[in-house]
Amino acid sequence: MSKLYLTSSVHTHTTYCDGKNSPAQMAQAAYKQGIQTLGFSGHIYTPADTSYCMTPDQTNQYKLDIAQLQQEYAQRMDILCGIEYDSLAPFPSKGEYDYTIGSVHAIYGAENGTLYPVDLSTEVMQQCILQGFGGNTIKMLQEYYQQVVQVAQYKPTILGHFDLIVKTNRNGVLFDEQDKGYLNLALEALDACIEQGVCFEMNTGAIWRGWREEAYPDDRLLKRLAEKKAMLTITADSHQQESLLYGYDRCAQRAKYAGFKEIFVLTKEGFVPCNLQDIDL
Ligand SMILES: [Zn+2]
Ligand SMILES: [Zn+2]
């Protein structure tokens with residue numbers, strides 16, 4: 170099957186954290202869309218910012234709920250119990266989840282120690298640069314990418330939205346993404362993450378929510394990933410049942426255009442390759 174990537178959606182959120190649908194609703198929608206592997210990746214409990222994550226009690230219930238769905242859908246669809254790890258939380262112990270997505274969602278200001286979510290709003294990031302980093306945008310970017318590299322060192326199954334830091338940077342309002350200073354920083358971090366052997370994701374969440382025109386990571390980073398033969402998968406960072414496979418075909422085209430001959434699809438048995446030779450550009 171040339172579009173094997175359309176059978177797996179493993180970056181998903183439910184009402185247990187900041188998603189709109191319950192695991193049961195997500196499972197029903199996934200099954201209807203022909204998905205073979207549905208993975209739940211609720212936000213791990215992050216004591217420093219509890220606004221979007223699961224509490225420890227919710228996490229226990231989340232696991233039970235998913236275990237029940239696994240039984241309900243046995244023989245019909247594989248359901249994986251994953252977690253989206255956050256740089257502010259302790260990394261989960263081995264075997265606790267079927268897979269992990271490792272992400273950075275917030276950074277501490279070097280000047281004031283204030284925690285700034287990087288994906289909330291342009292205003293928050295303006296404050297972050299101004300007050301958290303004394304107006305030094307490059308320092309802020311260094312801190313973000315340093316955190317991403319640290320997360321990669323834990324070797325999550327998938328490294329989440331590598332360049333999330335551009336999310337609120339519409340029209341370059343925070344910094345110039347074409348600037349060599351930015352690109353070199355991002356590429357250096359990318360290379361360090363590639364060395365850890367993690368699988369990167371093309372994540373369409375920000376397009377669905379109207380923040381960006383294209384999925385992370387940007388074309389220049391994608392090209393480098395292809396050159397270095399890094400592993401790549403497609404995810405929707407889906408927070409509702411309608412977006413489980415959102416933008417996947419476009420991602421496959423971009424991946425092929427960037428030089429990827431194959432991408433990877435997460436299944437119950439781990440990653441399986443998906444050849445892109447039949448994808449039309
Ligand atoms: Zn995330
Ligand atoms: Zn997510």
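First residue of the sequence shown? That's 170 in my numbering, and the numbers climb one at a time after it.
C-beta atoms are modelled at their ideal positions from N, C-alpha and C, and glycine is treated no differently.
If you're wondering where the values come from, they're calculated on a predicted model, not measured in any experiment.
Task: Identity of the residue in S178, M309, I327 nearest I287 by Cα - done: For the purposes of this step, residue 287 is taken as residue 118 along the sequence shown, with counting starting at 1. Contrary to the premise, residue 287 reads as Val rather than Ile in this sequence. Nearest option by C-alpha distance: M309.
Open item on the list: If you measure between the beta carbons of Y231 and C222, is that distance less than 8 angstroms?
Closed with: Translated into positions along the sequence shown, residue 231 becomes position 62. Translated into positions along the sequence shown, residue 222 becomes position 53. No, the pair does not count as a contact, with Cβ atoms beyond the cut-off.
Open item on the list: Quick check: H408 and E370, are their CB atoms within less than 8 angstroms of each other?
Closed with: Here residue 408 refers to the residue found at position 239 of the sequence shown. Here residue 370 refers to the residue found at position 201 of the sequence shown. Here H408 is not near E370, since their CB atoms are 8 angstroms or more apart.
- [ ] Between the Cα of L257 and those of A236, N281, Y323, spot the shortest distance and give me the residue it belongs to.
- [x] Here residue 257 corresponds to residue number 88 of the sequence shown, with the count starting at 1. For L257, the nearest C-alpha among the options comes from Y323.
- [ ] Indicate the three-state DSSP secondary structure (helix, strand or coil) for G208 in the structure shown.
- [x] By one-based count along the sequence shown, residue 208 stands at place 39. In this structure, G208 counts as strand in the three-state DSSP scheme.
- [ ] Please say whether D218 and V275 have beta carbons closer to each other than 8 angstroms?
- [x] What you label residue 275 is simply residue 106 of the sequence shown in a count that begins at 1. What you label residue 218 is simply residue 49 of the sequence shown in a count that begins at 1. Checking the sequence shown, residue 275 turns out to be Ala, not Val. Yes, they are a contact pair.
Task: The alpha helix (DSSP H) enclosing M400, as first and last residue numbers - done: Mapped onto the sequence shown, residue 400 falls at position 231. According to the DSSP assignment, M400 belongs to no alpha helix (DSSP H) but to the beta strand (DSSP E) extending over 400–404.
Task: Close-in-space but distant-in-sequence residues of the same chain around T306 (CB under 6 angstroms, 5 per side omitted) - done: The residue given as residue 306 occupies position 137 in the sequence shown. Excluding positions up to five away in sequence, the list reads I298, F344.
TODO: Leaving aside the five residues before and after K336 along the sequence, list all residues of the same chain whose C-beta is less than 6 angstroms from its C-beta, in chain order.
DONE: Working through the sequence shown from its first residue, we reach residue 336 at position 167. When the five nearest sequence neighbours on each side are left out, the beta carbons in the same chain lying within less than 6 angstroms of the beta carbon of K336 are those of D288, A375, W380, in order along the chain.
TODO: Please confirm if the segment 193–204 is in contact with the segment 263–273, defined as three or more CB-CB distances below 8 angstroms between the two stretches.
DONE: With the cut-off at 8 angstroms, the segment 193–204 and the segment 263–273 do not touch.
Task: CB-CB length for T402 against C362, believed under 8 angstroms - done: To locate residue 402, count along the sequence shown from 1; it is residue 233. To locate residue 362, count along the sequence shown from 1; it is residue 193. Incorrect: roughly 14 angstroms between the Cβ atoms, too far for contact.
TODO: Given a cut-off of 8 angstroms, decide if T181 and T269 are closer than it, judged by their beta-carbon atoms.
DONE: Taking the first residue of the sequence shown as position 1, residue 269 is located at position 100. Taking the first residue of the sequence shown as position 1, residue 181 is located at position 12. No. Outside cutoff.
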